[in-house]
């Protein structure tokens, strides 16, 4: 038994991957540029509250590390390490065509968000974060690209579970 979307051609899947990935990257970059234009920060170390809500606020901050500011000490090297990591991921997906074809939409979300965050490092000196959850606890500030990456991972895991159940049948 195969999933219905597995009937799509590899070229069609590649085109969908590129369109979705580029759309998510462009949308994330547009949101970030909008937040920067509103906040008008003086430098990369500024924390600027844009809109305060009871649960979620919009606050501009630049993250020079990765999740939870981890690896900040790598400085400028971090962006080149991440470019290298993206190159390795794209190479693996090229070599593992079947994996890509099974999970192309999940990879579009993960790579669209990941490329957008790496692009921030070159354009702004750090990842532009702006979503600030502070209801009952302060969660690290994140962005739309982070949500895309998380959704892509969740989608990948869900698809893997579904594919493994189908194989057993």
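Numbering (the working numbering), first residue to last: 3 to 171.
For glycine and all other residues, C-beta sits at the position ideal for the given N, C-alpha and C.
Secondary structure of residue i, DSSP reduced to three states
i: residue 57; result: coil
i: residue 132; result: strand
i: residue 47; result: coil
i: residue 65; result: strand
i: residue 25; result: helix
i: residue 52; result: strand
i: residue 5; result: At residue 5, the pLDDT of 47 sits below 50, so the modelled position is not reliable; the number obtained from the coordinates is stated separately. The answer is coil: DSSP assigns residue 5 none of H, G, I, E or B.
i: residue 139; result: coil
i: residue 98; result: coil
i: residue 11; result: coil
Beta-carbon gap between residue i and residue j smaller than 9 Å
i: residue 38; j: residue 130; result: yes
i: residue 26; j: residue 86; result: no
i: residue 109; j: residue 146; result: no
i: residue 111; j: residue 55; result: no
i: residue 52; j: residue 88; result: no
i: residue 161; j: residue 98; result: no
i: residue 106; j: residue 15; result: yes
i: residue 119; j: residue 152; result: no
i: residue 81; j: residue 124; result: yes
Proximal residues to residue i (C-beta, below 6 Å), its chain only, five neighbours per side dropped
i: residue 134; result: 59, 61, 143
i: residue 50; result: 41, 43, 62
Residues near residue i by beta carbon distance below 8 Å, same chain, minus five either side
i: residue 46; result: 64, 66, 126, 127, 128
i: residue 24; result: 114
i: residue 17; result: none
Nonlocal neighbours in the same chain, by C-beta distance under 7 Å from residue i, ignoring five residues either side
i: residue 12; result: 103
i: residue 6; result: Model confidence at residue 6 stands at a pLDDT of 45, short of 50, so the residue's coordinates are unreliable; what they give is reported in the following sentence. Same-chain partners within the cutoff: there are none.
N-terminal and C-terminal residue of the alpha helix (DSSP H) that residue i is part of
i: residue 119; result: 106-126
i: residue 146; result: 146-170
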